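Here is the structure we will look at, set down as structure tokens.
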Amino acid sequence: MASLGDLERSVMTLLWDGGASLSANEVRDQLDEGLAVTTVLTVLSRLEKKGMVRRERSTRPHRYSATASREEHTVEMLNEVLGTALDREAVLARFIGGVSDSEAAALRKILR
Numbered sequence: 001m002a003s004l005g006d007l008e009r010s011v012m013t014l015l016w017d018g019g020a021s022l023s024a025n026e027v028r029d030q031l032d033e034g035l036a037v038t039t040v041l042t043v044l045s046r047l048e049k050k051g052m053v054r055r056e057r058s059t060r061p062h063r064y065s066a067t068a069s070r071e072e073h074t075v076e077m078l079n080e081v082l083g084t085a086l087d088r089e090a091v092l093a094r095f096i097g098g099v100s101d102s103e104a105a106a107l108r109k110i111l112r
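For the sequence shown, the UniProt record's numbering gives the first residue as 1, with consecutive numbering after it.
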């Protein structure tokens, strides 16, 4: 899983939170950072190459949407990190040791 830069993360947040596909101009307008549309198109192209967005080519202007939900992306990152651990159980134990009481209760409920 490729890491995301600040602007890529901002674009993904828009796509994840909005739920609908957006054109590059709509992304630019919603980011409200004074970016050129060419900059936004470059970011969207990079995200497409990383497999994070899909481009709908059947319409003009093209529209972009997330290929997976934020939760699915997070799980993929967690699995990648766990995959590099020599002792997965120790990593999981440390993670679980740092969760709040309500998160621990949610974990117990999920594991039942």
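Where a beta carbon is used, it is the ideal one built from N, C-alpha and C, also for glycine. These figures come from a predicted structure and were not determined experimentally.
- Secondary structure of Glu-26 (DSSP, three-state): helix.
- The stretch 7-20 makes contact with the stretch 61-77, as at least three CB pairs between them are under 8 Å.
- The criterion of a C-beta distance shorter than 9 Å is satisfied by Val-37 and Ala-24.
- For a cut-off of 8 Å, the C-beta gap from Leu-86 to Ile-96 is around 18 Å, too long to register as a contact.
- One alpha carbon belongs to Ala-105, the other to Leu-41, and they sit about 43 Å apart.
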